[in-house]
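One structure is given below, encoded as structure tokens.
There are 2 protein chains.
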Amino acid sequence: MPNGPNPFAKTRRDHADETAEDYVEAIADIEVASGTCRVKDLSERMQVSHVTVTRILNRLSDAGLVAREPYGPVGLTPRGLEMAAASRTRHETVVSFLERIGVSNATAEHDAEGMEHHASKETLEAMRRHLRQPEDDANLG
Amino acid sequence: MPNGPNPFAKTRRDHADETAEDYVEAIADIEVASGTCRVKDLSERMQVSHVTVTRILNRLSDAGLVAREPYGPVGLTPRGLEMAAASRTRHETVVSFLERIGVSNATAEHDAEGMEHHASKETLEAMRRHLRQPEDDANLG
DNA sequence: AATAATTTGTAGCAATGGCTACATTCTGTA
DNA sequence: TACAGAATGTAGCCATTGCTACAAATTATT
Numbered sequence: 015m016p017n018g019p020n021p022f023a024k025t026r027r028d029h030a031d032e033t034a035e036d037y038v039e040a041i042a043d044i045e046v047a048s049g050t051c052r053v054k055d056l057s058e059r060m061q062v063s064h065v066t067v068t069r070i071l072n073r074l075s076d077a078g079l080v081a082r083e084p085y086g087p088v089g090l091t092p093r094g095l096e097m098a099a100a101s102r103t104r105h106e107t108v109v110s111f112l113e114r115i116g117v118s119n120a121t122a123e124h125d126a127e128g129m130e131h132h133a134s135k136e137t138l139e140a141m142r143r144h145l146r147q148p149e150d151d152a153n154l155g
Numbered sequence: 015m016p017n018g019p020n021p022f023a024k025t026r027r028d029h030a031d032e033t034a035e036d037y038v039e040a041i042a043d044i045e046v047a048s049g050t051c052r053v054k055d056l057s058e059r060m061q062v063s064h065v066t067v068t069r070i071l072n073r074l075s076d077a078g079l080v081a082r083e084p085y086g087p088v089g090l091t092p093r094g095l096e097m098a099a100a101s102r103t104r105h106e107t108v109v110s111f112l113e114r115i116g117v118s119n120a121t122a123e124h125d126a127e128g129m130e131h132h133a134s135k136e137t138l139e140a141m142r143r144h145l146r147q148p149e150d151d152a153n154l155g
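Chains as they are written, first to last, in the working numbering: chain A, 15 to 155; chain B, 15 to 155.
Encoded structure:
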């Protein structure tokens, strides 16, 4: 048998957690770029309706990641900021790594967005190790 | 701003498609390993209840990927077989690539399971290109 | 063959994340 | 200030994927 007993397992869970990370990261990005983050900004970025954004923000607010008041801007709590920082680091690692192996920036950004949630600590470490190698040794392209 | 206008976009869709690919791939694996695939085999592999498996199989059957009759074994249609083959190839590429950069087999299998759905054609090609390099040149570990 | 155990199916609930339609609040401008 | 337009919120619908509990069918055992 090609795979072990169940190398798979729980792949189809944690969707909510991935969403949380994506939103928290997006909020941080938008705040940096525009000063403040509004529901509208998020709905444009995530390409979903403002209704979906509002509902997810309510959940993240209940979870203590997002600080928010009706009709007001969207902010991050200390915990949200922590998560955003961790997400950003991981995101940058994956993007840089993909670019290093020859993937275009646009594709790297796109693929990383989905892949980053599935890269374990071990894999991220391997990527960083690889990034530390001088470009020439990589022999790519 | 760290990212482009919306390098993100539709990451949060296609969950159903990912599920389809995972199940179709699992069915093919189990058939190879055990001769036939049963609902029970899938519920164990995916670590979900048999109820969840049954419902998903019904959907995949409606979609023309899975062939099935009540209380009978689970099979793949020609289209299902095609999808399984493509999924398997992609899965193997990602696993081999991760191992190449120094990730253990267990982690590679685990991470690939989630990452493979987000690796674009361009990224997969970059991985294959890298795999074609002699191991020494990679300078990893 | 009858009964027990296993497997599969169905009913029905919950959470998540899409949506449209409609109500409300804010903002900007006449 | 009053009104128009933009931004948010709410109600309520759907699909997907989890679940438990219970029903039905299949398989194995006695």
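C-beta atoms are modelled at their ideal positions from N, C-alpha and C, and glycine is treated no differently.
| Query | Result |
| --- | --- |
| According to DSSP, is Arg-82/A part of a helix, a strand, or is it coil? | strand |
| Which chain B residues are close to His-188/A, counting only those with a beta carbon under 8 Å from its beta carbon? | For chain A, the structure presents residues 15 to 155; residue 188/A sits outside this window and is missing. |
| For Gly-116/A versus Met-129/B, is the C-beta distance shorter than 9 Å? | no |
| Does any residue of chain B have a CB that is nearer than 9 Å to the CB of Leu-95/A? | no |
| Could you tell me whether the segment 28-43 of chain B touches the segment 83-90 of chain B, where touching means 3 or more Cβ pairs closer than 8 Å? | yes |
| Assign Val-88/A to one of three DSSP states: helix, strand, or coil. | strand |
| Give, in chain order, every residue of the segment 96-119 of chain A whose Cβ lies closer than 7 Å to some Cβ of chain B. | Leu-112, Ile-115, Gly-116, Val-117, Ser-118 |
| Of all Cβ atoms in chain A, is any one closer than 9 Å to the Cβ of Gly-128/B? | yes |
| Against chain A, does Arg-143/B count as a neighbour if the rule is that its beta carbon must be under 9 Å from one of theirs? | yes |
| Is the Cβ-Cβ distance between Glu-35/B and Ser-134/B less than 9 Å? | no |
| Which residues in chain A sit within 9 Å of Ser-134/B, going by Cβ to Cβ distance? | Val-117, Thr-121, His-124, Asp-125 |
| Decide if Asp-76/B is buried, meaning its Cβ has at least 16 other Cβ atoms within 10 Å, or exposed. | exposed |
| Which runs of the beta strand (DSSP E), 3 residues or longer, sit entirely within the segment 55-135 of chain B? | 80-82, 88-90 |
| Please list, in chain order, the residues of the segment 66-85 of chain B that have any C-beta partner in chain A closer than 8 Å. | none |
| Pro-84/B to His-144/B, Cα distance in whole Å? | 46 Å |
| Which bits of chain B does Thr-91/A rub up against, with CB to CB less than 9 Å? | Those within 9 Å of Thr-91/A in chain B number zero; the least Cβ separation is about 21 Å. |
| Can you find the residues in the same chain that come closer than 6 Å, C-beta to C-beta, to Val-67/B, ignoring five residues on each side of it along the sequence? | Val-53, Leu-56, Ser-57 |
| For Arg-104/A, which residues in the same chain have their Cβ closer than 8 Å to its Cβ, ignoring the five residues on either side in sequence? | Glu-130, Ala-133, Leu-138 |
| What three-state label does DSSP hand Glu-32/B in the structure shown? | helix |
| Considering only their Cβ atoms, is the gap separating Val-65/A from Leu-74/A smaller than 9 Å? | no |
| By Cβ distance below 6 Å, which residues in the same chain neighbour Thr-121/B in space, the five residues on each side in sequence not counted? | none |
| Kindly list the residues whose CB is nearer than 7 Å to the CB of Ser-110/A, restricted to its own chain and excluding five residues on each side of it in sequence; keep chain order. | Leu-145 |
| Any beta-carbon of chain B closer than 9 Å to the one on Pro-21/A? | Low local confidence applies: a pLDDT of 38 at Pro-21/A is under 50, so the model's placement there is unreliable, with the coordinate-based value given in what follows. For Pro-21/A, the answer is yes, since a Cβ of chain B falls inside 9 Å of its Cβ. |
| State the Cα-Cα distance for the pair Met-141/B and Arg-114/B, rounded to the nearest angstrom. | 10 Å |
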